[in-house]
Structure formats: C-alpha cells, structure tokens
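*Asks:*
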Amino acid sequence: MRFTPLRAALAVLLLACGVLAGAVWSELRSEALPDAAAWAPATPEQVARGAYLARAGNCMACHTARGGAAYAGGRSIATPFGAIVAGNLTPDPQTGLGRWSLEAFRRALHEGRSRDGHLLYPAFPYTHTTLMPDADVADLHAYLRSLPAVQQANRPHSLRFPYNTQSALAVWRLMHFEPGRFQPDPAQPAEWNRGAYLVNGPAHCAACHSERNALGGANGSYGASAMPDGRWLAPSLRDPQQAGVQPWAIDDIVALLQQGTAKSASVMGPMAEVVFHGTQHLRNEDLRAMAVYLQAVPVQPAPALEFKAADASQKALGEQLYQRHCVDCHGAQGQGAAGAYPPLAGNRAVTMALPVNAVQAILSGGFAPATAGHPQPYGMPPFRTLLRDTEVAALASFIRQSWGNQAGAVSSLDVQRLR
Amino acid sequence: MFKDRLHAGRPIKNRAALFPTMRSRLLFALFLVPVLAWAAGPPRVPDTLAQRLMACTLCHGQEGRATNAGYFPRIAGKPADYLYHQLLHFRDGRRNNAGMSYLLDHLSDAYLRDIAGHFAGLDLPYPPPQPPAAPPAELARGEALVRQGDAARELPACTACHGAALTGASPAVPGLLGLPRDYLIGQLGAWQTGLRQAFAPDCMAHVAKRLAPADVAAVSSWLAAQPVPADAHPAPPTREPLPLKCGLLPQVSGGVR
Chain Y
5 MRFTPLRAAL AVLLLACGVL AGAVWSELRS EALPDAAAWA PATPEQVARG
55 AYLARAGNCM ACHTARGGAA YAGGRSIATP FGAIVAGNLT PDPQTGLGRW
105 SLEAFRRALH EGRSRDGHLL YPAFPYTHTT LMPDADVADL HAYLRSLPAV
155 QQANRPHSLR FPYNTQSALA VWRLMHFEPG RFQPDPAQPA EWNRGAYLVN
205 GPAHCAACHS ERNALGGANG SYGASAMPDG RWLAPSLRDP QQAGVQPWAI
255 DDIVALLQQG TAKSASVMGP MAEVVFHGTQ HLRNEDLRAM AVYLQAVPVQ
305 PAPALEFKAA DASQKALGEQ LYQRHCVDCH GAQGQGAAGA YPPLAGNRAV
355 TMALPVNAVQ AILSGGFAPA TAGHPQPYGM PPFRTLLRDT EVAALASFIR
405 QSWGNQAGAV SSLDVQRLR
Chain R
17 MFKDRLHAGR PIKNRAALFP TMRSRLLFAL FLVPVLAWAA GPPRVPDTLA
67 QRLMACTLCH GQEGRATNAG YFPRIAGKPA DYLYHQLLHF RDGRRNNAGM
117 SYLLDHLSDA YLRDIAGHFA GLDLPYPPPQ PPAAPPAELA RGEALVRQGD
167 AARELPACTA CHGAALTGAS PAVPGLLGLP RDYLIGQLGA WQTGLRQAFA
217 PDCMAHVAKR LAPADVAAVS SWLAAQPVPA DAHPAPPTRE PLPLKCGLLP
267 QVSGGVR
C-alpha cells in the first residue's frame, strides 16, 4: 500500500476516533455499588456539621420543589439543553438515598456517578463538590441520613437529543471535568484558603459566576454568564463594574452575604435565593474567609460592548415614565434612599453592558431577601403588567443613560425576550 | 420635631428676642449646618410597613383597596390569617401566579405575617361597584346561591361561612365583596381545576367543584355588583359549626423556612 497524504490523514483520524471512543468507553464503564449495609451511627455534632455544609451549598434550593418537602427533590431547572429535575436526597429506600452507602455518596460528589454507575448531569455541581474532603462528605451524608424519609419518585429529565445520552455526557466530562480534592495554597494565609475552599467547593459560586461555552462547560473563572434559564445574568466577580468586590471593605462583603444588602447595594433574583437559604446561615468567620478570597480575585474588566445612545424620543418617553413611576423612591438624581431604595446612578446592575438584570428588575420588581439582619426589606412593584415592551425599553434606556450612567440603549426586543 | 419643640409653650413673636446676642445667633447658625446637610442628603423614606409594601399596591390599588375594574383583588381589610395563608400559598405553590411567587420567594414567615397584619388592619372607603352587565335573571340566580345555596346539590350558602354581610369572618374566612367579577370567576375556576388550593381539607375546592359554569358566572356577577359596606370588617369568629370542614395552617408548613 502506497503512502499518500490522504491515507496518512485518514489513519490519524481513525486513530483519534479510536482514542476518543476508548476514552468515552472508559468513562461509561462503571459498576453499581452495593446497597448500604448498615450506616455508621452519626453523632449529633457530625449531623450539625453536615447541616451547615448543606446550607453553604444551598443544596435545598434545587433539591426542594416549591412548597414541597425539604430535600425531596422535584424542582425542575431549565437549561439550554432541556429541563433537569433535581433528585430526592431524603433517606427513602425506594425514591431517595436510602440505599446509598457512604462510598456511593462519596463517589457521586467526587466523581459525578450515581449509585448504579451511570453518569450524573453537572447541573448537580460535582465539578465543585469534587473538592470536598472525605470528612466533609461524610458529615453531609450523615445530615441527609438524619432527614425524615419522604417517598417521592424522581421525575425524569427532559433533555433533547443528543444531550440525553450518556455518551454525550461522557464527552462533556472528558472536556470539562477533572476530579480532585481541594489543595490549599501554602503561599496564602489560612483564611484565604478557607475562603477558596468554600467558594470553589461546597458553595459552588462559579457554577453561575463563570463564563460558559456552547456546551455549557464552565471555566470556573468568575466571569459573567447567563443563568441557565436565561432570565438573569450572573455578573462577573472579576470586574468591579459588575459584581467584583475588589474595592469593597471586607465588612461590606460579609454584610452583603449575611444580610442581602450593603453599601446601598442589594442582592436580587437568583442571588437573593442564595443569601436567603444559604449564606445568611453561615458563620461570621466563614463569611469573612469567603470575603477575603473574593476580594483577592484578580481584576479583569469585562469586554465593553459598543455604546448605543438612546434616540431622543425614546429617552423622552423614558424620562416621562421615570417621573411617573420611579422618582418617588429612586430620587430625581437616581440617588435612591438610604437604607430603603438603591441608587440607580452608578448602580452596577443598571450599567452592566447587557441590560438583562436591569430589565428584569423593572419587569419583576422584588424584595431583597428577608434575612435575620434585614428582616423587613422595602419592595419594588413589578411593572410587567403596567408597562409595554416599548415603555420598559425606554425606561431602562433612560436609567442607563442618566446621572452619569453610560450604558447602551435597550430595545423592545431585548424586553420581549425577558418578559 | 425641632419645630414643635421651639414652638412648644409660648408663641414666638420676635426672632431677635429668642437669639438676642450675635454670639447666640452664630451658634444657632452653626447648629443649623448639620441639619441642613442632613436634609440635602439622600431622601429619607418613612420607616413604615406602608412604605415597604408599595410593591403590593401598584397592582392591588392605593393602600390595597383595589379598583372597581380589572382583575386584582382588594387585600385591605381582609382577615389577617386569610391574607397570611394566601401569601404562604403563593410562596409555596398552592396558588399560581408567577409574579406573586417571585415577590414572596425570599421573604420569611415572620415578614409575611407582618404584611398580612398590615393590610388586614386597614379600614378604607371603597368605590361603588361597576353596574352589573348580567341580565336580572342571572343576578337573581346568583343572589339565591349566595344567600341560600342549593340543598339539593349539597351546596352551602356563601353566607354560611363568609358572614351574613359577606365581609368574611375572623380569623381566616375572606370577605367576598369589593372583588372584580373576572377575579371571582378566575378563583372559582382555579379551584375547580386544582390550580388554586388551600390547606387540606380544601373546603372551597369541594364547593367550587359542585358549581356549574352558569353558577360560577351568576355568583360572580352578583357578588361583584354589591357595594362594600361602610363597616367592611370581618365578622367575629363564628361559634356555629361551619357546613364544611376547612383546613387550617399545619403546624409545620413544608419545613422549608
């Protein structure tokens, strides 16, 4: 057989396919683990530590349906690939984790495999829980075992082809998942390392605050990204113009995570859920550690979009609407009201390059989370029913281009996509 | 507050008499500086529930009274427990309205109780109802169902639970007046299909499922056409047993919050 470039290329291609097939096959090949024999008895301290980790990870937020039994699963998470339904984590033997040994639970958190060996979807953030040391995994397992067993069958996911196949998931894992425990950086102080562990491990902040590629692979680098359902934007933690806290005092970062409001900023949308169910329950020293780590995240400004000025008529309509609906609370200069209403002048949610969160705030209104430290937040009405798309677009454009704000105009189409 | 204090006691006739020396005038001016600086700072808003709950009144009408048109129900003056239960139902998915659920998602049980108490405590005048569009026969049928029910179909009268004046009963039975017709039809329909639920046993679901579509229209038309009486307070808790058993707030609700 004669050597030609074409044949050589074919051979290389075949070899590459073979290597990939082998890698996928080895990903898919996994055995079922036996039923839990008898669980080692857990001490109350262990259960309490596990409960704390579950708060840090806000496991409940996804693994509880609206109004449903805690941790019994059933919440559906819309993603660009279809809907993923969180499973039942209570110790029910038929529908929950009742037959899961500690080893099976550890393998799920560290390797993203279910008890029967099949690969789990990374909506379950095993790309982060893989960092958890065995002791923390055992504590979390002890806590989940201590919950009342709830019989509630898991609903199937509804993902589109090919995302609903194990082979596709195997390819995704080869590209985006590296199992491994957290390794502290000896050059950094203990507080920074504790923060790094919490942020990157159980709290899985970068599951939302990270750029994602077209296959949903996150690079864990705290950039901005649309939430899986596209309704909100998780702002960049690297960019102080977005949600970066590099210029903030540690106390302010702690207050934001603990009370949901600080420095005239408030959390909203999905982050309000994180604070309400998760971070407000964490110990002060852990919030400080997270703050120290987040403050030290290297600054990298997000790429600017081309500035688009609102035309005169849009801005006039926006101003008229602002005077009618917004000025009483947010002030004639967009200065807000201390302790109650955030300023809009210089507000990062308002001036982010993409107007998603600003538009969403106008449409949906909302309250900051009612936390122990901030139990009666002031609310903003939803304007969804009152204002048309053109009006929301004009109002958002006016706010984004007044009082020194310099962000692009918003179109009716932008609003329609989010409504 | 400063003004009141200065004016307390005797009336001030001559400003110079109050600050007779140059030094005292200077001191007063110096005292004014921080006050003026404070006044020029960011606007302060009232530290009240009414101010906090402006989020509610854009849709539910000024101070929660609702308008006499449209869909949004009045919430002012309804029994506190009723309102609290509805807030829990919206937050926990037993009532379905994406906007309401989003607003309440991250609020604590304690705050929801405060919100319910605030609106329950309001005593507001209501606009007259819209003139009824329904034919007299439909209104008569509606009134008969509201006041007498239909024993043959085991339908209790609305008044049996919601009070003779239909202004509800403490602590948890809502009044039925001052609500738009579309809203009433929407709720009865939602109970029939299970989209609206209450704590088990869900007595209203039981009643609603016995209503024919024409009954729903008749009852809603008649109720929406009645004026809200000047004293719209719910009746005191009834001693009579209700015609149906209605669920109360379970001791542990979902265990989530």
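Respectively, the protein sequence lines represent chains Y and R. For the first sequence, the numbering used here assigns the number 5 to the initial residue and increments by one for each residue that follows. For the second sequence, the numbering used here assigns the number 17 to the initial residue and increments by one for each residue that follows. Here a beta-carbon is modelled for each residue, glycine too, at the ideal position from N, C-alpha and C.
1. How many Å lie between F47/R and R60/R at the Cα?
2. What does DSSP give as the partner residues of A222/Y in its beta bridges?
3. Would you report the Cα separation of P147/R and A241/R, rounded to the nearest angstrom?
4. Any idea what DSSP makes of S162/Y, helix, strand or coil?
5. Can you find the residues in the same chain that come closer than 6 Å, C-beta to C-beta, to Q213/R, ignoring five residues on each side of it along the sequence?
6. Pick out the complete alpha helix (DSSP H) segments inside the segment 182 to 210 of chain R, 4 residues or longer, and give them in chain order.
7. On the DSSP letters alone, give me the boundaries of the beta strand (DSSP E) that I91/R sits inside.
8. When burial is assigned at 16 or more other CB atoms within 10 Å of the CB, is M294/Y buried or exposed?
9. Using a Cβ-Cβ distance under 7 Å, would G383/Y count as near chain R?
10. For the alpha helix (DSSP H) that G205/Y lies in, which residues bound it at each end?
11. When DSSP builds the beta bridges, which residues end up paired with S124/R?
12. Cutting at 8 Å between CB atoms, please list the residues of its own chain near L155/R, excluding the five before and the five after it.
13. Under 7 Å, do V203/Y and Y75/Y count as touching if we go by C-beta distance?
14. Verify whether the separation of the beta carbon atoms of S118/Y and V28/Y is less than 7 Å.
15. Just checking, does the segment 310 to 328 of chain Y make contact with the segment 205 to 222 of chain Y on the three C-beta pairs under 8 Å criterion?
16. Please give the ranges of any alpha helix (DSSP H) in the segment 246 to 289 of chain Y, keeping only runs that are unbroken, at least 4 residues long and fully inside the region.
17. Report the neighbours of Q420/Y on chain R: residues whose CB is nearer than 7 Å to its CB, in chain order.
18. So is L24/Y buried or exposed if we call it buried at 16+ other beta carbons inside 10 Å?
19. What is the residue span of the alpha helix (DSSP H) that T133/Y lies within?
20. Could you tell me whether the segment 256 to 263 of chain Y touches the segment 109 to 126 of chain Y, using the rule of 3 or more Cβ pairs below 8 Å?
21. Go ahead and label P145/R buried or exposed: buried means 16 or more other beta carbons lie within 10 angstroms of its beta carbon, across all protein chains shown.
22. Counting only Cβ-Cβ distances shorter than 9 Å, please list the residues of the segment 193 to 219 of chain R near chain Y, keeping chain order.
23. Give me, in chain order, the residues of the same chain whose beta-carbon lies closer than 7 Å to that of Q98/Y; leave out the 5 immediate sequence neighbours on both sides.
24. Give me the chain Y residues within the contact set of V61/R, using Cβ-Cβ distance strictly less than 9 Å, ordered along the chain.
25. Taking 8 Å as the threshold, find out whether the segment 92 to 105 of chain R comes into contact with the segment 128 to 141 of chain R through three or more Cβ pairs.
26. Is D218/R near the ligand HEM, with its Cβ less than 6 Å from a heavy atom?
27. Looking at chain R, is there any beta carbon in it that lies within less than 7 Å of the beta carbon of G100/Y?
28. First and last residue of the beta strand (DSSP E) that includes A353/Y?
29. Can you round the beta-carbon distance between L348/Y and A60/Y to whole angstroms, since I take them to be within the 8 Å contact cut?
30. Beta carbons nearer than 8 Å to chain R: which residues of the segment 382 to 402 of chain Y have them?
31. Straight-line CA distance for A45/R to G335/Y?
32. Count the other C-beta atoms from every protein chain shown that fall within 10 angstroms of the C-beta of C177/R, then say buried if there are 16 or more, exposed otherwise.
33. Work out the CA separation of P244/Y and L391/Y for me, nearest whole Å.
34. For H122/R, would you say it is in contact with chain Y, using Cβ-to-Cβ distances shorter than 7 Å as the test?
35. Alpha helix (DSSP H) containing S150/Y: first to last residue?
36. Once you ignore the five residues that flank D198/R on each side, which residues in its own chain have a CB closer than 7 Å to its CB?
*Replies:* Straight from the coordinates:
1. The sequence position of residue 47/R within the second sequence is 31, counting from 1. The sequence position of residue 60/R within the second sequence is 44, counting from 1. Interpretation of F47/R is limited by its pLDDT of 47, a score under 50 that renders its predicted location unreliable; no figure is taken from the coordinates.
2. Counting from one through the first sequence, the residue named residue 222/Y turns up at place 218. In the DSSP output, where bridge partners are listed per residue, A222/Y has R216/Y.
3. As a working mapping, residue 147/R is identified with position 131 in the second sequence. As a working mapping, residue 241/R is identified with position 225 in the second sequence. Distance between the alpha carbons of P147/R and A241/R is about 6 Å.
4. Along the first sequence, one-based indexing puts residue 162/Y at 158. In the structure shown, S162/Y sits in a strand (DSSP, three-state: E or B).
5. By 1-based counting over the second sequence, the position of residue 213/R is 197. Counting only Cβ-Cβ distances below 6 Å, and skipping sequence neighbours, we find R110.
6. 197 to 209
7. Your numbering for residue 91/R matches position 75 in the second sequence. I91/R -> no beta strand (DSSP E), and no H or E assigned at all.
8. Within the first sequence, numbered from 1, the residue matching residue 294/Y stands at position 290. Per the 10 Å Cβ criterion, buried.
9. One-based indexing of the first sequence puts residue 383/Y at position 379. For G383/Y, the answer is yes, since a Cβ of chain R falls inside 7 Å of its Cβ.
10. By 1-based counting over the first sequence, the position of residue 205/Y is 201. No alpha helix (DSSP H) contains G205/Y, which DSSP labels as neither H nor E.
11. Stepping through the second sequence from its first residue, residue 124/R is reached at position 108. The partner list for S124/R (beta bridge, DSSP) is empty, contrary to what the question assumes.
12. Here residue 155/R refers to the residue found at position 139 of the second sequence. P148, A234, S237, W238, A241.
13. Stepping through the first sequence from its first residue, residue 203/Y is reached at position 199. Stepping through the first sequence from its first residue, residue 75/Y is reached at position 71. For V203/Y and Y75/Y, no; Cβs fall outside 7 Å.
14. Residue mapping note: residue 118/Y aligns to position 114 of the first sequence, counting from 1. Residue mapping note: residue 28/Y aligns to position 24 of the first sequence, counting from 1. No, the pair does not count as a contact, with Cβ atoms beyond the cut-off.
15. no
16. 254 to 263, 274 to 277
17. In the first sequence, residue 420/Y corresponds to position 416, counting from 1. Within chain R, no residue comes near Q420/Y; the closest Cβ sits about 17 Å away, beyond 7 Å.
18. Taking the first residue of the first sequence as position 1, residue 24/Y is located at position 20. Classification for L24/Y: exposed.
19. To locate residue 133/Y, count along the first sequence from 1; it is residue 129. Residues 130 to 133.
20. no
21. Residue numbering aside, residue 145/R sits at position 129 when the second sequence is read from its first letter. Buried.
22. none
23. The count along the first sequence starts at 1 and reaches residue 98/Y at position 94. For Q98/Y, where only same-chain residues beyond five positions count, the Cβ hits under 7 Å are Q155.
24. Here the question's residue 61/R lines up with position 45 in the second sequence. Within chain Y, the residues near V61/R are D332, C333, A341, A342, G343, A344, Y345, Y382.
25. yes
26. Questions concerning the ligand HEM fall outside what the structure shown contains, since it holds no ligand whatsoever.
27. Indexing the first sequence from 1 puts residue 100/Y at position 96. Not one chain R Cβ lies under 7 Å of G100/Y.
28. One-based indexing of the first sequence puts residue 353/Y at position 349. Careful: A353/Y lies outside any beta strand (DSSP E), inside the alpha helix (DSSP H) at 352 to 355.
29. For the purposes of this step, residue 348/Y is taken as residue 344 along the first sequence, with counting starting at 1. For the purposes of this step, residue 60/Y is taken as residue 56 along the first sequence, with counting starting at 1. Actually they do not touch by this definition, with Cβ atoms about 33 Å apart.
30. Y382, G383, M384, P385, P386, F387, R388, T389, L390
31. The sequence position of residue 45/R within the second sequence is 29, counting from 1. The sequence position of residue 335/Y within the first sequence is 331, counting from 1. The pLDDT assigned to A45/R is 48, lower than 50, so where the model puts this residue is not dependable; a value taken from the coordinates is nonetheless given after this. Near 28 Å, if we compare the C-alpha coordinates of G335/Y and A45/R.
32. The residue given as residue 177/R occupies position 161 in the second sequence. Counting Cβ neighbours within 10 Å, C177/R comes out buried, since at least 16 surround it.
33. Here residue 391/Y corresponds to residue number 387 of the first sequence, with the count starting at 1. Here residue 244/Y corresponds to residue number 240 of the first sequence, with the count starting at 1. Going from the Cα of L391/Y to the Cα of P244/Y covers about 32 Å.
34. If you number the second sequence from 1, residue 122/R lands on position 106. So yes, H122/R belongs to the interface.
35. As a first step, residue 150/Y must be located in the first sequence, where it is residue number 146. Segment 138 to 150, the alpha helix (DSSP H) holding S150/Y.
36. As a first step, residue 198/R must be located in the second sequence, where it is residue number 182. For D198/R, where only same-chain residues beyond five positions count, the Cβ hits under 7 Å are Y87.
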